[in-house]
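As structure tokens, the structure follows; a few thoughts come after it.
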Amino acid sequence: MLFPYLDIILRSLAVYFFMTIALRIFGKKELSQLNTADIILILLISNSVQNAMVGPDTSLWGGLVAALALFIINYIIKKLTHKYKVINDLLLDKPEILIHDGKLDFDALSKLDISHDELKEAMREHGLEHFTDVKLCMLEIDGTISVISEDKKNLKQTHYKRKHNHKNFRK
Numbered sequence: 010m011l012f013p014y015l016d017i018i019l020r021s022l023a024v025y026f027f028m029t030i031a032l033r034i035f036g037k038k039e040l041s042q043l044n045t046a047d048i049i050l051i052l053l054i055s056n057s058v059q060n061a062m063v064g065p066d067t068s069l070w071g072g073l074v075a076a077l078a079l080f081i082i083n084y085i086i087k088k089l090t091h092k093y094k095v096i097n098d099l100l101l102d103k104p105e106i107l108i109h110d111g112k113l114d115f116d117a118l119s120k121l122d123i124s125h126d127e128l129k130e131a132m133r134e135h136g137l138e139h140f141t142d143v144k145l146c147m148l149e150i151d152g153t154i155s156v157i158s159e160d161k162k163n164l165k166q167t168h169y170k171r172k173h174n175h176k177n178f179r180k
């Protein structure tokens with residue numbers, strides 16, 4: 010091989026794209042609040058893909074080349090997602106409207122697995138009691154729930170950090 014670390018670079022790129030696609034499919038929203046099981050999963054995934062990236066090369070240089078390749082591809086992907094909307098749409102999630110002008114979007118709540126209790130908790134953290142008090146409520150791309158109140162005099166926006174919840178929102 011002309012460049013002995015080219016294999017490591019190509020393997021690292023393949024693992025990076027696999028993990029990007031897997032997180033896109035299985036949901037990045039759940040990563041906003043990691044629980045013990047999520048941390049264990051991340052550690053096990055990183056351990057399982059390490060050999061896929063460096064292959065038989067367990068040297069310091071092999072690990073550094075793999076890490077450098079990951080940093081470079083991450084930098085390039087960030088630049089491309091900022092420059093090209095198509096790539097941004099393909100790789101990154103969009104904010105989702107949960108409540109608009111006091112009306113709940115039950116389809117979005119169900120799809121995102123946000124429970125009634127979780128939504129009410131986010132509203133209470135924002136000082137709101139009723140859905141009709143909400144001008145706009147969104148699940149942001151980082152997993153937080155933003156709420157903007159209907160009160161024109163005291164317009165405020167705050168964020169609620171979403172916890173993983175397995176209860177479905179019921180209509």
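Per my numbering, the very first residue in the sequence shown carries number 10; after that it's consecutive.
Note that beta-carbon positions come from the ideal geometry of N, C-alpha and C, so glycine has one too.
Taking the straight line between their C-alpha atoms, what separation do you get for residue i and residue j?
i      : j      : result
Ile49  : Ala31  : 17 Å
Val24  : His125 : 37 Å
Lys112 : Asp102 : 23 Å
Ile17  : Lys94  : 30 Å
Ala75  : Gln59  : 9 Å
His109 : Asp98  : 23 Å
Phe12  : Leu19  : 12 Å
Ser155 : Ile51  : 27 Å
Cβ atoms of residue j and residue i: under 8 Å apart, would you say?
i      : j      : result
Ser21  : Leu79  : yes
Ser158 : His135 : yes
Leu100 : Thr153 : no
Leu107 : Cys146 : yes
Pro104 : Leu137 : no
For residue i, name the three-state secondary structure that DSSP assigns.
i      : result
Ser158 : strand
His135 : coil
Lys103 : coil
Leu121 : coil
For residue i, is the classification buried or exposed, using 16 other Cβ atoms within 10 angstroms of its Cβ as the cut-off for buried?
i      : result
Leu118 : buried
Ile123 : buried
Leu53  : exposed
Leu15  : exposed
Leu73  : exposed
What span of residues does the beta strand (DSSP E) with residue i cover, start to end?
i      : result
Leu145 : 143-148
With a threshold of 7 Å, establish whether the CB of residue i neighbours any heavy atom of the ligand COA.
i     : result
Leu53 : The ligand COA is absent from the structure shown, which contains no ligand whatsoever.
With a threshold of 8 Å between beta-carbons, can residue i be considered close to chain E, or not?
i     : result
Ile96 : The structure shown contains no chain E; it is built from a single protein chain.
Assuming residue i is part of the alpha helix (DSSP H), what are its boundary residues?
i     : result
Tyr84 : 69-92
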